[in-house]
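Scroll down for the structure; my scribbles are underneath it.
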Amino acid sequence: MLIFLAIAAIAVVFNFDNQAMLKPILSATILGFATFLPLVSVAQAAPEYNCNTREVWTPEKRIWCQALEQYRTSNFYQNNPDDTQIRDRFIAGYKSGLHDAVTIGNPTIAQPPTGASEADLAYSDGYLAGFQAHASDRANPRAIEGSCRQVNTDNDPLNLRKRPTTDSEIIGTLPRDAVVYILDPPDNNWVPISTTGVELDGYVYAPYLRYCDSEAGGEQPVLSDRVYGECGDRSCEELLSELKQIWPEQTRQYLEECPSDRAFSLQVFQNTNESRKVLWSCWEKDLEENGDRYGEPLGLLPFPGEEREFLAAWPEVEPYSQVWQEREPEEVATIRFKCATEGGSLNLLVTEAGDRVKAECYFQAGVILVDANQDFVSDGELNRGASVGPVLGTFELD
1 MLIFLAIAAI AVVFNFDNQA MLKPILSATI LGFATFLPLV SVAQAAPEYN CNTREVWTPE
61 KRIWCQALEQ YRTSNFYQNN PDDTQIRDRF IAGYKSGLHD AVTIGNPTIA QPPTGASEAD
121 LAYSDGYLAG FQAHASDRAN PRAIEGSCRQ VNTDNDPLNL RKRPTTDSEI IGTLPRDAVV
181 YILDPPDNNW VPISTTGVEL DGYVYAPYLR YCDSEAGGEQ PVLSDRVYGE CGDRSCEELL
241 SELKQIWPEQ TRQYLEECPS DRAFSLQVFQ NTNESRKVLW SCWEKDLEEN GDRYGEPLGL
301 LPFPGEEREF LAAWPEVEPY SQVWQEREPE EVATIRFKCA TEGGSLNLLV TEAGDRVKAE
361 CYFQAGVILV DANQDFVSDG ELNRGASVGP VLGTFELD
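Counting from 1, one number per residue, gives the positions in the sequence shown under the UniProt record's numbering.
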């Protein structure tokens, strides 16, 4: 920089009266100064990031690390591997082109930067969503071990294989929107994945995982971070929010009964001539050898707006049924609701003396559900459990 200033001073002293000669000298001086200044600025202020950590990547860090990866495959690095100034210049230039290429809020690329083999793919949250190749609509996952959550956005389920080859046994599938964690970086386009971030579930062909949510990293990610299931014409997150407002105590109980290392799901169903109901289930994190996942039903709740049809039928045992219902309508409604949450049926038992009646709710306890395709929706039952009949209320006649 001092050289450029000296040239400018000499030019002013010796050529002040010669405007024609002065102009090109000053122009060259200013150009040299402008060229040199960014290098000084970059060399002094360029941040450095550790791209091998599991911490959440900020937008600045993710772009810096992507640029660094590109730099290490360039001739600049091959010729001068220890020159940090050249590295910082390369990264600064790459970042400038990359910012112009990203369309935030739309999962498409407007125009990849010239000379870049890949462009950043961002979604509405502005965080890293993956790496999108120029000539393909498939993402190429480049996860740091344990830090990246991948989501299948394909319409078709993805095969989950026992080993990282196309000839390996298919042990399950990943439905659309299934969330998995990458346990290791891709090896020959195959990645070991886990639904919990801890234990291996199988292998998936990497290019079929569409994007990466880098905010999902963590030491112990859990299944219950997300609402799974099949909820009809609305998302399960929306349905859960509604049920929490209508039945706060019951939803709190169901959520507490499902540990944080397991997944709970909602399933809307409707039997013949009945109203819609919502089945709450809790699922194991580990798959069985055959690819099935086991779970247990937590209970039922009415679909919003169909509460009146949800209650268990009140048995007709006269005069006891009518008298009890007339004298204690709120208690009867509570008994009918509790039994309905168990999917049970009510029975009234009258004592031999005829002065007391008990309301028993018969239902199946200890049922084991089976999810055969990893969508956290019951495909059947492994075990029907046992029939039980707890007493939910007692009424004494005068």
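All C-beta atoms in this analysis are idealised placements derived from N, C-alpha and C, irrespective of residue type, glycine included.
C-beta contact flag for residue i and residue j at 8 Å
{"i": "L346", "j": "W314", "result": "yes"}
{"i": "R293", "j": "E284", "result": "yes"}
{"i": "W190", "j": "P157", "result": "no"}
{"i": "residue 406", "j": "G202", "result": "The structure shown does not extend to residue 406, since the chain spans only 1 to 398, so no value can be given for it."}
{"i": "V278", "j": "L239", "result": "yes"}
{"i": "residue 416", "j": "C361", "result": "What the structure shows of the chain is the stretch from 1 to 398, and residue 416 is not part of that stretch, so it cannot be assessed."}
{"i": "Q364", "j": "S378", "result": "no"}
Collapsed DSSP secondary structure at residue i in the structure displayed
{"i": "F269", "result": "strand"}
{"i": "E288", "result": "coil"}
{"i": "Y71", "result": "helix"}
{"i": "W314", "result": "coil"}
{"i": "K358", "result": "strand"}
{"i": "D371", "result": "strand"}
{"i": "F264", "result": "strand"}
{"i": "P329", "result": "helix"}
{"i": "S378", "result": "coil"}
{"i": "E277", "result": "Checking the sequence, you will find Lys at residue 277 rather than Glu. Strand at K277."}
{"i": "N80", "result": "coil"}
{"i": "Y228", "result": "strand"}
{"i": "C236", "result": "helix"}
{"i": "C65", "result": "helix"}
{"i": "A340", "result": "helix"}
{"i": "T351", "result": "coil"}
{"i": "W324", "result": "helix"}
{"i": "Y49", "result": "coil"}
{"i": "E306", "result": "coil"}
{"i": "L200", "result": "coil"}
{"i": "E169", "result": "coil"}
{"i": "R384", "result": "coil"}
{"i": "P192", "result": "strand"}
{"i": "L174", "result": "strand"}
{"i": "R163", "result": "coil"}
{"i": "P390", "result": "coil"}
{"i": "L255", "result": "helix"}
Distance between residue j and residue i (C-alpha atoms, nearest Å)
{"i": "D82", "j": "I91", "result": "15 Å"}
{"i": "N273", "j": "T351", "result": "34 Å"}
{"i": "E237", "j": "A353", "result": "52 Å"}
{"i": "V357", "j": "E309", "result": "25 Å"}
{"i": "E249", "j": "V367", "result": "23 Å"}
{"i": "A359", "j": "L369", "result": "28 Å"}
{"i": "E318", "j": "D398", "result": "15 Å"}
{"i": "E69", "j": "N373", "result": "37 Å"}
{"i": "L287", "j": "L174", "result": "13 Å"}
{"i": "G385", "j": "A340", "result": "18 Å"}
{"i": "N383", "j": "S281", "result": "15 Å"}
{"i": "P192", "j": "N271", "result": "40 Å"}
{"i": "N79", "j": "W64", "result": "21 Å"}
{"i": "G291", "j": "G172", "result": "5 Å"}
{"i": "S235", "j": "A67", "result": "37 Å"}
{"i": "E328", "j": "Y320", "result": "12 Å"}
{"i": "E316", "j": "E342", "result": "21 Å"}
{"i": "K338", "j": "I170", "result": "42 Å"}
{"i": "V227", "j": "Q245", "result": "16 Å"}
{"i": "residue 455", "j": "Y71", "result": "In the structure displayed, the chain extends from 1 to 398; residue 455 sits before or after that span and is not available."}
{"i": "W323", "j": "E242", "result": "Looking at the sequence provided, one finds Val at residue 323 rather than Trp. About 35 Å."}
Whole-number beta carbon distance between residue j and residue i, since they are thought to touch under 8 Å
{"i": "S275", "j": "P304", "result": "So it is not a contact: roughly 11 Å between Cβ atoms."}
{"i": "K61", "j": "Y77", "result": "That belief does not hold up - the Cβ atoms of K61 and Y77 are roughly 20 Å apart, past 8 Å."}
{"i": "E396", "j": "D355", "result": "6 Å"}
Taking contact to mean at least 3 C-beta pairs separated by less than 8 Å, is the stretch 252-267 in contact with the stretch 294-303? yes
Is it the case that the stretch 231-244 contacts the stretch 262-274, given that we only count it when at least three CB pairs across the two stretches are under 8 Å? Using a C-beta cut-off of 8 Å, the stretch 262-274 makes contact with the stretch 231-244, since at least three inter-stretch Cβ pairs fall below that distance.
contact_flag[the stretch 380-393, the stretch 324-341] where n(CB pairs < 8 Å) is 3 or more: Touching, per the Cβ criterion.
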